[in-house]
Amino acid sequence: MIENVNVELKKYFESKPILSSLIGMDMIILYGCAALMLIGAFAYLGGIISSIIYYAFFLGILLCLANNNYQALMIGLGVKALIELITFIKWLFNEYLGFSWSSLFAVLVFGFFAFMAFKKYSAKSST
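Counting from 582, one number per residue, gives the positions in the sequence shown under this note's numbering.
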């Protein structure tokens, strides 16, 4: 089922001039954004830069889906889940002893999608 979505997504990306040139750089975009987000979990990168990285990360996810690159999705989404887990733990132990529901839900969502990408990658590599 997801393969049909991936085929149509790839057709759409290939029809757009800018996106067609980015299809081959799916892993670079995803891993680069994940690394910058990991740095941003410990150091302030700025609001505009963080927003650009955030949207480029989701572009990398879509590009990896279009290429059926489940290994890159597994790693990228796993790193994002780890980043949100770090944020959640930082909120638990800050001076106000807060509880970040958004980070908790993000850990669950990104962790679930990373696990699903792992299952697809395992099924794809075993055949």
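Note that CB positions come from ideal geometry on N, CA and C, so glycine has one too. All values derive from a computational prediction rather than experimental measurement.
**Asked** Which value, in whole angstroms, describes the spacing of the CA atoms of A616 and M608?
**Response** Rounded to the nearest angstrom, the two C-alpha atoms are 12 Å apart.
**Item:** CB-CB length for L654 against A687, believed under 8 Å
**Value:** Cβ atoms of L654 and A687 stay farther apart than 8 Å, at about 16 Å.
**Asked** Can at least three beta-carbon pairs, one atom from the segment 625-633 and one from the segment 673-685, be found at a separation below 8 Å?
**Response** No: fewer than three Cβ pairs fall under 8 Å.
**Prompt:** So L619 and I664 are in contact, right, with Cβ under 8 Å, and what is the actual spacing, rounded?
**Reply:** Rounded, the Cβ-Cβ distance is 6 Å, consistent with contact.
**Asked** Between which two residues does the alpha helix (DSSP H) harbouring N585 extend?
**Response** Counting along the chain, the alpha helix (DSSP H) containing N585 begins and ends at I583 to S596.
**Item:** Alpha-carbon spacing of Y593 relative to S601, whole angstroms
**Value:** Just so you know, the alpha carbons of Y593 and S601 end up roughly 9 Å apart.
**Request:** Report all residues from its chain with a CB closer than 7 Å to the CB of F669; omit the five preceding and five following residues, and keep chain order.
**Result:** So the list reads S681, S684, L685 and V688, once near-sequence residues are dropped.
**Prompt:** Can you list, in chain order, the residues of its chain whose CB lies under 7 Å from that of F641, leaving out five sequence neighbours each side?
**Reply:** Here the sequence assigns Gly to residue 641, which means Phe is not the residue at that position. D607, I610, L611, C614 and G657, listed in sequence order.
**Request:** Inspect the beta-carbon positions of A695 and A662 and report whether they are closer than 8 Å.
**Result:** In this structure, A662 lies closer than 8 Å to A695 by Cβ.
**Prompt:** From K591 to L646, what does the alpha carbon distance come to, in whole angstroms?
**Reply:** One Cα belongs to K591, the other to L646, and the distance between them is close to 8 Å.
**Message:** According to DSSP, is T708 part of a helix, a strand, or is it coil?
**Reply:** Residue state, collapsed to three classes: coil.
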